Amino acid sequence: MTRRIGFVLLLISSNWIHCHCFAAADIKASINHKPSFHNCGEYKPTFKEEQEPGTSVLRVTATDPDQSQTIKYSIANETRQEQLFAIDEDTGEISSAYIFDRDPPYRDTEFYITVRATDNGQPSLDDVCTIKLMILDINDNPPVFDKDFYEVFVSMNTTLRQQVTIITAKDIDDETNNVVNFEIVQEYKDDSYFEIDQHTGVLTLAKRIDRNPGEYYALRVRAYNQGCIENESDSPEVDVKIHIINADKRLPYFTKVPEAPVILHENFTAFQQVLAVFEANSNINNESTIIFEIFRDYKPTLQEENEPGTSVIRVTATDPDQSQTIKYSIANETRQQQLFAIDEDTGEIFSAYIFDRDPPYRDTEFYITVRATDNGQPYLDDVCTIKVKILDINDNPPVFDKDYYEAFVSMNTTLHQQVAIITAKDIDDETNNVVNFEIVQEYKDGSYFEIDQHTGVLTLAKRIDRNPGEYYALRVRAYNQGYIEHESENLEVDVKVHIIDADKRLPYFTKVPEVPVILHENFTAFDQVLAVFEANSNINNDSNVIFEIVRGTFEQTNSMNTFLLEQIENTAHIKLARALDYESVTEYTITVIATNRHNLAAEAVVKIMILDVNDNVPVIIKDVSCVQYELIDNSPVFQIHAYDLDGTSANNIISYSIAESNQQHFTIDSHTGTVTKQNRLYNDEKDIHNAITNIPAQEQRSSNDNTFQNVLSISNDYQNRDFFNRRYIMVNNYEGMLTDKLIGSIYVDYDIKDNSNKLFLWDERASTGTRKHFTLNYKTGMMMMVKSTPEGIYNLEFTVIEESSCFPRHNVSAYVTVKVKNISAKTVNQSGSIRFYNVTAETFISQTLSELNTPLYRLQQSIASILDTSPDQVDIFTINNRKLAGGSFLDVFFAVDDTIYTSSEVLNAVLSLHLRKLEEDVGYRIVSVGIDECIAKGHMCKQACKNKVHRSQKPIVVHTNTSSFVGMTTLVQAQCIPQIESSLVACLNGGTCQNGKCNCPMGFEGPQCEKLDICFDGIGYAIYPSINSGNVNNISIELLPRQKDGLVFYMGPLKYDPSLKTPPFLALEINDGMLVLLLDYGTGMIRFEHQQLILHTVTTVDIVLEPHRFEIHTASNKLKGSSRSRYENKDLSGFLPGNMPILLGGTVNHFAKYLLYNWPLHLLGTPETLDFNGCMRNLTINGHTIDFMLPMVANNVSFSYLWSDSVHISPNRFMFSLMIFAFLIVIIAIFSSRNKIIYWMKYNLERCYQYSMNETETNRMKPLISI
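Put into C-alpha cells, the structure is as follows:
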C-alpha cells in the first residue's frame, strides 16, 4: 500500500513571508522483522564456582534487520524465588546473582539460561536462545584423611623398602583439583625411619628397625594438593604409630580372589547383593580370624612437559619369604630410549622423556608393566600393568583463525549491534583451552567497540562519526588463564572496520543448518551433501553471492581442507573431502562466508560432530614369561596385557581368547588375559609351545582381532637363540667437523628390552680398521663415532651376551649399518627445502607395519623420480622439528648430486610443480617447497628481504627403535638487506665487456647481452628466479598477443603455503581481449581492467606501483597516442616484494589448482582457455632486464634470435615491393580490360598492404629456435 502525503507550511511576519510548498513522498508500509540470535549455537560459557554475585558470565547479541528498532533482553526461564542470573536489558550482558558451589552437597555443575530478545516494533517480535553454562571447579577444598589416626604393626625382621601401610585421603574437588600428595612432616625424630610415596601414600621402611617388640615409632603425615589455600581450621596432617612385633608373627595371605571384573549398570540398586568374594588365611596356627579392608589401586598421573626424572609413582610388591629381596624392572619397554625408568630397589618409577599431550605427539596415556623378581631359587616374579595418564598443562597460547579481520558497517548501524566475530582456538585440553578476548586499549579507535569476553562477538559501543570510505582500526587480544606468554608468540590480531554508505547493505543468510551434522568416523560418502547454506545478496537487481569456506589455523577449523564447498547459484553445499578420524578430531567448526558485489560479506557456521567407531586393533604389551617344567596342572603361566586406542570406552573394551589348536594345553581368562596350564607338557621332541592368543576389541568385531605369539619355554632344556637384528644409522658430517658423537645403540629384536642383563661386545670378525672409528659401551650398547671418521658405509657386527631367569647364558648376533656422508658448505648453499605439517622427525625416519620404507626414503625416491636421477644422489642432511605459532612442522633440507639443478631457486621451483606427487609419495602434507620466511616476515623490512640459510656444525640427533639420523642444524631466516645497485657490468650469454659496455653476440640485444624475446604457442610456460631487489615499483614489457585470452605475467608465490591467507602477488592477463591487472599486497585482491588490446599488434605496457595507488600506461603502433589509467585507494596499503619468482605464460587453471591455492577464479570468470599465445619482449622490473635464456623451468617456449629489419619487412623494402607489383599490373593491363584491372588492382593492393603490416608486427617476434 502506498500513500501520497503533502505538507504546506506558511510563516508570516510583519516584514516578510516565507512560503514552503508541499513535498510529496512515497511511504511504503514497512515490513516488521523479528530479531534473531545468529550465534546462539556458539555460546559455550563457563563460570568458576565461589565467585561473588554480579560477576560477568556472558554477553549475548541479537540482531534485527530493522535497524531503526532497538532490542531489549530478558531472562525467560527463571524459576527460583531468588534469581540465579541477571541480564542488562540494553547490552545483553548476563551476570551472576548467586554464589555457586560445585562441591557436595550443592553440586552446582551446569545451568540452562533461556534469553529472550524483544524489539520495539509494532507488534513487538522476539527470539529466544537457550545457553548451557558450565560451572568450573576451583581448588577450594583441602584433602581429608580417611582415618583420624593410623596404627600399624611390623615384624622385627621387616626388610628395607618393604611396605608398612597405606595412608589414604580424599579431596571432594573435581578433576585435577583432587589429586592428593603425601609427605612426612620432618619435625618428628622418627620420621627418618620411613619413606612415603608422594602419589600413592604407600609408607615403606627406610632404615633398619632398632627397637624391641612392644615399642613403636611415631610420625606425622601431611596430605596436600597444589593450589589450595589452607585455613587454620583444616587439619591436613595425621598421626601414624608403627608398633614392633616379634619375628615369628607372620603376614596373612589370600586363598580366594575374584577372577573376572565386576560389571554394573549405573542404575544398579541391589544393595544387598554380593559383588565380589575374598577369602584369606591368617597364617597363624589355631587362629583363623582376619580383618579385611579395601586396598587403593594405582592410578598415577603425570603432567606434560615435566623434565625427565620426575617421580611418577612407587609400586610395592611383597613376598611371604621375608628373607628374600625384591628387584623391580620395567618389562614392556619398546622404545630404544625408555619412556620410564624404575629404581630396582624401591620400585619408584620416574619419567625418562618429556611428554607432550598436544598435537602432533598426543601423549595422553601409557601402560607400564612392572616386574617384581625375588632372589629365591629358582627366581619367581610377578607383573603389574599400570596406566599412567598424562595431564594437560596450559602451555599453548590461543591462535586466531585469521591473520587479520575486516568488517563492514553501515553508517546507520545502531549501538550494541554486532560488527564481527573474532575467533581463536587453543590446542590444550579441558579448561586450559578456554579462550577469552579483550580489546587492546593502546589504540584510540578501541573505545568505539566492545567485545564479548567469552564469545568474541564485536559490537558497536559509540556512534559512528566517520564517512564512507574511512575505517576504524583496533587490535584484539586472545588469552586464557595461566598461560605465560612468550615474546615470540603473536596473541593479538588487527581488526579493520570499514564504513560504508547506508545504501550498501550486507548480504545475509536465508538458510543455515539448525543442528550440528553428526558423522561416524568411518563415513566415506564424499558426494553426499552434509549441509546447505543459502544467502541473499541484499542488492537490488543483483542476487549473486560468492560462497567460500574459511580455512582456519587448526584441523578443527578445516585447516587440512577436510571439508569442501560446492556452489550452485546462490546455494552452497558442504561435502566431505578427506577421511575422518575420531582419535584426531572429534568436532569441526566450519565457517562459510557469503560475499556480494559490493565486496561485503556475512558469515555462518555449522558444527560437525564426529562419532567414534571400533576401528583400531588392540595393541599388545608383549611380555615373555617362563613356564617351569615342574608346574602343576591348572596353574597360572603368564598374563597377556593389551589396550585399545579407540576414543570411547564402549569401543576399547578388550576380551581375550586362545586358539582352538592350543586349548589342549592352555586356557585364558577372557577378562584378565591370564593364561593357565591345563596338563603336563611332554618334553619329547619340542621344547617350545606356542600359544596363539587372539585379542578382539569386542566379540562382535572379528576383523579387528590382533594375534600375539607368546613363546612358552620349558625350563630344563634351552637352546641358544640367534636373532637377525639390524639397525641403520645415517650420519651427515658437515665439512668433516663432527666431533665424537653418540650415534645410536645396538638393536636386539626380541621381547626382553631390559639391557641390565646384557653384555655388548664387538664380534671377533669385526676388523680393527673399522672398529677404530667407533667406540662401544659394553653395558648399554650405545655407540660413539669418533672425530674424523671418513665418509663411507660401515657394516658393524656385534655379539650380545644375555642371561635371564628364563634361560641360561647365550649369545645373540646384532648388525649395525652406519653410512657417513660429508656435507660441504657448497652443498648446503645449493640445497632445496621442504616444510611438512604435523609430522615429527622420529616418525619421518621410522618404519611401520604397513609401510616398510620410511618417509625419508620415500622422499628420496620421489625427488629422484621427478629429477630423473638415482635416490643415492639425493642427500637429506637436515630433519628439524619446528614448533611455531601455527602448529608443529618438520623442516627437511636436501641436495641433489649429478643434476643440472644446481641452485636452491631452481631446485625448489622444479619440485614445486610436483608438490602433489611429493605429498602422495611421502604420505604427509607439505606446507611449502622452498621454505620462504620473507613472505610472512618481509613486511618488517624497509627495503628488501632475503631468505638466508643459516647452517651450523651442531648436530641434530634423532633416535628410533631400529634407526638413527645424525644431521646438521640448518635454518632459514628472513634477513633485511639494503637495495644496492651494482656498478659492475657483467656480460651474459658470451658477451664481452668493452669500455664499460657489453659487446653481445647476434640475437642478444639486452644491455648485458640478455635475451629479450620469448614466444608461447598456447601450451607453454617459463619460470624465472626472483630479482631480489627490494619492493617492486616498476614493471615494463612489450606484448604481441595472438589470442584474446591468456596469462601474460605472474609474480608471486608458486608454493602451497596455507599459513599465508592472502599472499602478495601481481598478475597481468588478457581476458576476452581486455588487458587486466590483478594486484594483492597481502590485504585483499584488486582486479582492474585497463583497455582492449589489438591482436597481432605490439603493445608496450608500463606498470607503476606505489603504496596507495598504481598506474598502467600502454602504447601501440595502431593506436593514436597512448592510454593511461590510475587507481588510487588509501586502503591499498603495502608493497609487492621482489623476492618472488616470475611466471610467464602458462595455464592459470593449472597453477590455480595445483599451486596458487587462492587464485580468484570466481572473479576471473571461466573463459574458454587461459593459455597465452603470442610473444613478449624486453621485460624489465625495477630497471632490471630479465634474461629469457635463463629460466629455472621452461616448457614449450621458443626464442627469436633477432629483433631487427632482417626478421620483418622494412618500410623501404615494402615500398619497393609495391612498385614492382604495380609495374606487373600495368603489363597485364595491356592484355586485359582496363576497368576490370583497375578495380582488381585497387582491391588487392589494399588487402596486400593490410596483410603485410600484420605480418610485419607478427614476424618481429616470430620464433626461429625452439626448446
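Just so you know, the sequence shown maps onto residues -21 to -1, 1 to 1246 in mature numbering (1 follows the signal peptide of the UniProt record, and there is no 0).
Glycine is no exception: its CB is placed at the ideal position from the N, C-alpha and C atoms.
What you are looking at is a predicted structure, and each value in this text was computed from that prediction instead of being measured.
Does the beta-carbon distance from residue i to residue j come in below 8 Å?
i            : j     : result
T796         : Y707  : yes
L967         : E989  : yes
D150         : D98   : no
F329         : T289  : yes
N108         : V123  : Note that residue 108 corresponds to Cys in the displayed sequence, not to Asn. No, Cβ-Cβ distance for C108 and V123 is not below 8 Å.
M539         : I478  : no
E283         : I365  : no
N459         : A514  : no
I525         : F542  : no
T392         : I443  : yes
residue 1268 : V200  : Outside the shown range of the chain, which is -21 to 1246, sits residue 1268, and nothing can be said about it.
D169         : L198  : yes
T144         : Y167  : no
A481         : L437  : no
A76          : P24   : no
G1153        : R1021 : yes
State the DSSP-derived secondary structure class of residue i, mapped to helix, strand or coil.
i      : result
F753   : strand
S792   : strand
K933   : strand
P102   : coil
T1093  : strand
N519   : coil
A185   : coil
I845   : helix
N662   : Because the pLDDT of N662 is 43, which lies under 50, any placement of that residue in the model is unreliable, and the number read from its coordinates should be weighed accordingly. N662 falls in the coil class under three-state DSSP.
L(-13) : Its pLDDT being 34, under 50, L(-13) is placed unreliably in this model, and the coordinates cannot settle the point.
A202   : strand
Q852   : helix
Y1060  : coil
L1134  : Model confidence at L1134 stands at a pLDDT of 39, short of 50, so the residue's coordinates are unreliable; what they give is reported in the following sentence. Correct three-state label for L1134: coil.
S290   : strand
K23    : coil
F533   : coil
N978   : strand
G748   : helix
Since residue i sits in a beta bridge, which residues does DSSP pair it with?
i     : result
E513  : K490 and T550
M1155 : I993 and L1018
P1116 : N1010
H12   : Paired residue(s): none; H12 is not in a bridge.
T1079 : E1017 and A1094
V871  : I813 and I858
A581  : A573
Give me the Cβ distance between residue i and residue j, rounded to the nearest whole Å; I'm assuming they're in contact under 8 Å.
i     : j     : result
P14   : I73   : Actually they are not in contact, since the Cβ atoms of P14 and I73 sit about 17 Å apart, beyond 8 Å.
Y52   : I110  : Not confirmed; about 12 Å, so no contact.
V710  : K805  : Not quite, the Cβ-Cβ distance comes to about 19 Å (not below 8 Å), so this is no contact.
P237  : A259  : That belief does not hold up - the Cβ atoms of P237 and A259 are roughly 13 Å apart, past 8 Å.
C913  : A888  : That pair is no contact at about 16 Å.
N354  : Q303  : 5 Å
I569  : V585  : 5 Å
V1080 : N1012 : The Cβ separation is near 15 Å, so there is no contact.
I401  : G425  : Their Cβ separation, rounded to whole angstroms, is 13 Å, which puts I401 and G425 out of contact at 8 Å.
A551  : V571  : 6 Å
Is the CB of residue i under 8 Å away from at least one CB in chain E?
i    : result
E162 : As a matter of chain content, chain E is missing from the structure shown, which is built from one protein chain.
For a minimum of 4 consecutive residues, which ranges assigned as the alpha helix (DSSP H) are wholly contained in the stretch 295 to 383? Annotation: the stretch 295 to 383 contains no complete segment of the alpha helix (DSSP H) (minimum length 4 residues).
Report the residue ranges of all beta strand (DSSP E) runs contained in full by the stretch 388 to 472; include only those spanning at least 3 residues, in chain order. Qualifying beta strand (DSSP E) stretches, in chain order: 397 to 400, 415 to 418, 428 to 430, 436 to 439 and 450 to 458.
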